[in-house]
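K.L.:
For the sequence shown, this note's numbering assigns the number 505 to the initial residue and increments by one for each residue that follows.
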Amino acid sequence: NNSIEIYNYSGNYTEIKITRSNGVYSYYVWINDSAGNSNSTEIRNIVINATPPTVTLISPENNSFSNGDVNLSCSATDNVQLSSICLFWNYSGVWNLSECRDVSGVSNFTIFERTNLSDKTFIWNCMACDNSSNCAFYSENLSVCIDTIPPNMTFYSITPVVAVNGTNVSIVVNATDLHLDRVWADITLPSGSSERISPPQNFTVNQTGRYNITFFANDSAGNMAYGEYYFISEVGMQFNLSATGYNDTPLNITIEIYFDGSLIASNRSVGNLSLIIPRYRYNLKFSVFNNSLVASFNDVNVSEDNNKTVRFDRLNTTEYLVVYAISSNYSMSNATLNLSYNGTDFTSESHLDVYICPEWNFSSRGCDVNWTNITENITQDFDNDLFIINVHRFSGFAIKQEGFCGDGVKNDDEECDGNDFGGKTCVSFGYDYGSLSCTSDCKISTSGCENRKFSGYISSGGGGGGSSYVSKPKPSCFDGIQNCHHGSCEEGIDCGGPCQPCPSCFDGIQNQGEEGVDCGGPCEPCITTTTSTITITTIPTPTTTTTVVALTTIKETTSSVETTTVMSEESRDIFYAMILIVVSVVMIIAALILRMRRGGKEITEGLEGDMYKLRSMITHEEE
505 NNSIEIYNYS GNYTEIKITR SNGVYSYYVW INDSAGNSNS TEIRNIVINA TPPTVTLISP
565 ENNSFSNGDV NLSCSATDNV QLSSICLFWN YSGVWNLSEC RDVSGVSNFT IFERTNLSDK
625 TFIWNCMACD NSSNCAFYSE NLSVCIDTIP PNMTFYSITP VVAVNGTNVS IVVNATDLHL
685 DRVWADITLP SGSSERISPP QNFTVNQTGR YNITFFANDS AGNMAYGEYY FISEVGMQFN
745 LSATGYNDTP LNITIEIYFD GSLIASNRSV GNLSLIIPRY RYNLKFSVFN NSLVASFNDV
805 NVSEDNNKTV RFDRLNTTEY LVVYAISSNY SMSNATLNLS YNGTDFTSES HLDVYICPEW
865 NFSSRGCDVN WTNITENITQ DFDNDLFIIN VHRFSGFAIK QEGFCGDGVK NDDEECDGND
925 FGGKTCVSFG YDYGSLSCTS DCKISTSGCE NRKFSGYISS GGGGGGSSYV SKPKPSCFDG
985 IQNCHHGSCE EGIDCGGPCQ PCPSCFDGIQ NQGEEGVDCG GPCEPCITTT TSTITITTIP
1045 TPTTTTTVVA LTTIKETTSS VETTTVMSEE SRDIFYAMIL IVVSVVMIIA ALILRMRRGG
1105 KEITEGLEGD MYKLRSMITH EEE
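So, in structure tokens, the structure goes:
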């Protein structure tokens, strides 16, 4: 205020303390001593500033929301000079300094940009400082919620999806979110115009054609979810049909009309049914016989296929668990049948099959041709005891219990089943007695079969007698007999089945009389074949001449070899003697076998006698 103030002090050193308000001041110092000497300083300026800056948080507002990116802005003013503005927050969970920026002037506006933040709630504030080191925050911390998750549109529906023109359509949508803001729907009419509604709401259709609907839901952070659907408006009509049984009597039936999986209308009656529905194409679902037969006719034009009759039949037979029959002249793309076997006498659900009769006779309630097993476009629902079949025509359909291992009846692919062994016993496998058993995989087991022991009396000279028990050998792979043992049967003598594989023309071994490896003999001819011709010529002289001619053919090349063998009369006698010896040995062996069976003399004594005779005959022949 341009006033002057004088302060007097004495002493060698003086600290002067003066309290003044904010402002700019000028001062100088004059000094003298007792001798009259004096001195003074130049005039100096001093600024007194004790007022901190003023801080304002601009945006976002307190308790606001953001979807991941946020701009934290604040402003500051000062009476003298600003020096910095700093951002503080607790985004990490701890209150700390995030960033400082140098500023100038008496006012400033600063934006702190933060991006890709994760979902959480944090508080923030700004601190401003001046060049006098006066600093200040805004009076309170503000809160921000980061939300990056859009609403969950859990459900939206239009009922009905095909409506009679002039009626109401119910439009419903449900959405959930922690910070859900609002839900709405935009409807585009067949004319191209649009309307916005806030579901749930009824909407009156006044144009025929297709209505497209887009559902929206957003939250406070600006996250949005949407879904699309449509509905049809058509002129209404009365749809009529009849349902009869095999003898044309009225049948208790339920019909449901669907479009795109949504129920349009339904009715239940005996014989005749009528419904008011829009003219369009639908899936017609018929349920009869207490819902054990459900037939869905797909893509039926009800305006063209009106006033028609459907025939159904169900019966039980001795061969099949249940038989269903359907007759219809509806035009459709295809049909789906649910055939139930619930309540039937099936024994194994996993061994059920479905058969089709292409020409079912409703009058005789029988199939005029052969049944055929269905193997394609069929699914078994074990939980609901039914088969689901996709077909393109109707006739007779039957569910049959097929044979299986464990049903007690031997099938063609089984050796046995339960107590059914196909007429076989232990004797069939070379045993004397016992009981066969059947394994869990329907294979015959001979573990309960045995051979009977027998007694034979063998005399020794004229002395007393005794008894011996001899067990009949069990069948094996070394008994020279084609038989059955160890649960299966041999394919040849001591080969195949439980034994080593039988020789064949494909085992890579030269056996079974083959001329080469897997060729010749019982197999295909070898590449090289040999033909032999033997000619015996008898001349009325003491000498017999034998001529052998061998012809060998290899790749169309022929060679001939002629061999002449001369046998003397002495050699011929020796040859005949050898033949006689062989015949004698065979007779002796036969006699031994006979003697053993009759229980005559001791075997050893008989052998010694026979050997003596054999030596005598050989000596005689040699002589």
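Cβ atoms here follow ideal geometry from the backbone N, Cα and C, with glycine treated the same way. The structure displayed is predicted, hence computed values, not measured ones.
1) Three-state secondary structure (DSSP) at G725?
2) Would you decide whether C896 is buried or exposed? Buried here means 16 or more other CB atoms lie within 10 Å of its CB.
3) For G527, which of T545, I510, V584, N543 has the nearest alpha-carbon?
4) Determine the DSSP secondary structure at V974, reduced to helix, strand or coil.
5) Between the C-alpha atoms of F616 and A580, what's the straight-line distance to the nearest angstrom?
6) Okay, do the region 766-779 and the region 703-714 touch, 3+ Cβ pairs below 8 Å being the bar?
7) To the nearest angstrom, how far is it from the Cα of G1025 to the Cα of G926?
8) By the three-class DSSP mapping on this structure, what secondary structure does N516 have?
9) Are there 16 or more other CB atoms within 10 angstroms of the CB of M631, so buried, or fewer, so exposed?
10) Whose C-alpha, out of E760, D885, L890, is nearest the C-alpha of S796?
11) Please check the pair K789 and Y762, which I expect to be a contact at CB under 8 Å, by giving their CB distance rounded to whole angstroms.
12) Rounded to whole angstroms, what is the Cα-Cα separation between D803 and M836?
13) Need the endpoints of the beta strand (DSSP E) that Y786 sits in, please.
14) What would DSSP say about S702, mapped onto helix, strand or coil?
15) What's the C-alpha gap between E1018 and N987?
16) State the Cα-Cα distance for the pair E1028 and G1012, rounded to the nearest angstrom.
17) Report the residue from G907, L819, V665, F866 whose alpha carbon sits nearest the alpha carbon of G844.
18) Return the chain-ordered list of same chain residues with a C-beta closer than 6 Å to the C-beta of S724, the five sequence neighbours on each side being excluded.
19) Suppose you measure from the CA of G910 to the CA of S949; what does that come to, to the nearest Å?
20) Are S587 and N553 touching if we call contact CB-CB under 9 Å?
21) Measure from the alpha carbon of V559 to the alpha carbon of each residue in A640, D573, A539, then state which is nearest.
22) With a threshold of 16 other CB atoms inside 10 Å of the CB of G1104, please say whether the residue is buried or exposed.
23) For S941 and E919, what's the separation of their Cα atoms in angstroms?
24) Among all the DSSP beta bridges, which residues are the ones paired with W688?
25) Would the beta-carbon of K978 fall within 9 Å of that of Y935?
P.N.:
Quick answer:
1) To locate residue 725, count along the sequence shown from 1; it is residue 221. Before going on, a small fix: residue 725 reads as Ala here, not Gly. Reduced to three states, the DSSP call for A725 is coil.
2) Residue 896 sits at position 392 when you count from the first residue of the sequence shown. Reading off the sequence, residue 896 comes out as His, not Cys. By the neighbour-count rule (16 or more Cβ atoms within 10 Å), H896 is not buried but exposed.
3) Position 23 of the sequence shown, counted from the start, is the residue given in the question as residue 527. If we check each option's Cα against that of G527, V584 comes out closest.
4) Locating residue 974 in the sequence shown gives position 470, where the first residue counts as 1. With a pLDDT of 38 at V974, under the threshold of 50, the predicted position of this residue should be treated as unreliable, and no value is reported.
5) Taking the first residue of the sequence shown as 1, we reach residue 616 at position 112. Taking the first residue of the sequence shown as 1, we reach residue 580 at position 76. Roughly 14 Å between the two C-alpha positions.
6) With the cut-off at 8 Å, the region 766-779 and the region 703-714 do not touch.
7) Position 521 of the sequence shown holds residue 1025. Position 422 of the sequence shown holds residue 926. Answer to the nearest angstrom: the Cα atoms are 37 Å apart.
8) For the purposes of this step, residue 516 is taken as the residue at position 12 of the sequence shown. For N516, the secondary structure class from DSSP, reduced to helix, strand or coil, is coil.
9) For this step, residue 631 is matched to residue 127 along the sequence shown. Label assigned to M631: buried.
10) As a working note, residue 796 is residue 292 in the sequence shown. For S796, the nearest C-alpha among the options comes from L890.
11) Mapped onto the sequence shown, residue 789 falls at position 285. Mapped onto the sequence shown, residue 762 falls at position 258. Correct: roughly 6 Å between the Cβ atoms.
12) Sequence index remark: in the sequence shown, residue 803 carries index 299 (1-based). Sequence index remark: in the sequence shown, residue 836 carries index 332 (1-based). So the two alpha carbons sit approximately 5 Å from each other.
13) Along the sequence shown, one-based indexing puts residue 786 at 282. 785-792 is the extent of the beta strand (DSSP E) around Y786.
14) For this step, residue 702 is matched to residue 198 along the sequence shown. Looking at S702 - three-state DSSP - the assignment turns out to be coil, as it is neither helix nor strand.
15) For this step, residue 1018 is matched to residue 514 along the sequence shown. For this step, residue 987 is matched to residue 483 along the sequence shown. Cα-Cα distance, rounded: 25 Å.
16) On the sequence shown, residue 1028 is found 524 positions in, with the first residue counted as 1. On the sequence shown, residue 1012 is found 508 positions in, with the first residue counted as 1. Going by the C-alpha atoms only, they are around 13 Å apart.
17) For the purposes of this step, residue 844 is taken as residue 340 along the sequence shown, with counting starting at 1. In the sequence as displayed, the identity of residue 844 is Ser instead of Gly. Out of G907, L819, V665, F866, L819 has the C-alpha closest to the C-alpha of S844.
18) What you label residue 724 is simply residue 220 of the sequence shown in a count that begins at 1. Answer for S724: F569, H683, D685, listed in chain order.
19) For the purposes of this step, residue 910 is identified with residue 406 of the sequence shown, where counting begins at 1. For the purposes of this step, residue 949 is identified with residue 445 of the sequence shown, where counting begins at 1. Looking at the two C-alpha atoms, the distance is approximately 15 Å.
20) For this step, residue 587 is matched to residue 83 along the sequence shown. For this step, residue 553 is matched to residue 49 along the sequence shown. Not closer than 9 Å, so no.
21) For this step, residue 559 is matched to residue 55 along the sequence shown. Nearest C-alpha to V559: A640.
22) Taking the sequence shown and counting its residues from 1, the one referred to as residue 1104 is at position 600. Confidence at G1104 is low in this model, with a pLDDT of 45, below 50, so the placement of that residue is unreliable and no value is reported for it.
23) Here residue 941 refers to the residue found at position 437 when the sequence shown is read from its first residue. Here residue 919 refers to the residue found at position 415 when the sequence shown is read from its first residue. Their backbone Cα atoms lie some 11 Å apart in a straight line.
24) One-based indexing of the sequence shown puts residue 688 at position 184. DSSP lists F720 as partners of W688.
25) Numbered from its first residue, the sequence shown carries residue 978 at position 474. Numbered from its first residue, the sequence shown carries residue 935 at position 431. Yes, Cβ-Cβ distance for K978 and Y935 is below 9 Å.
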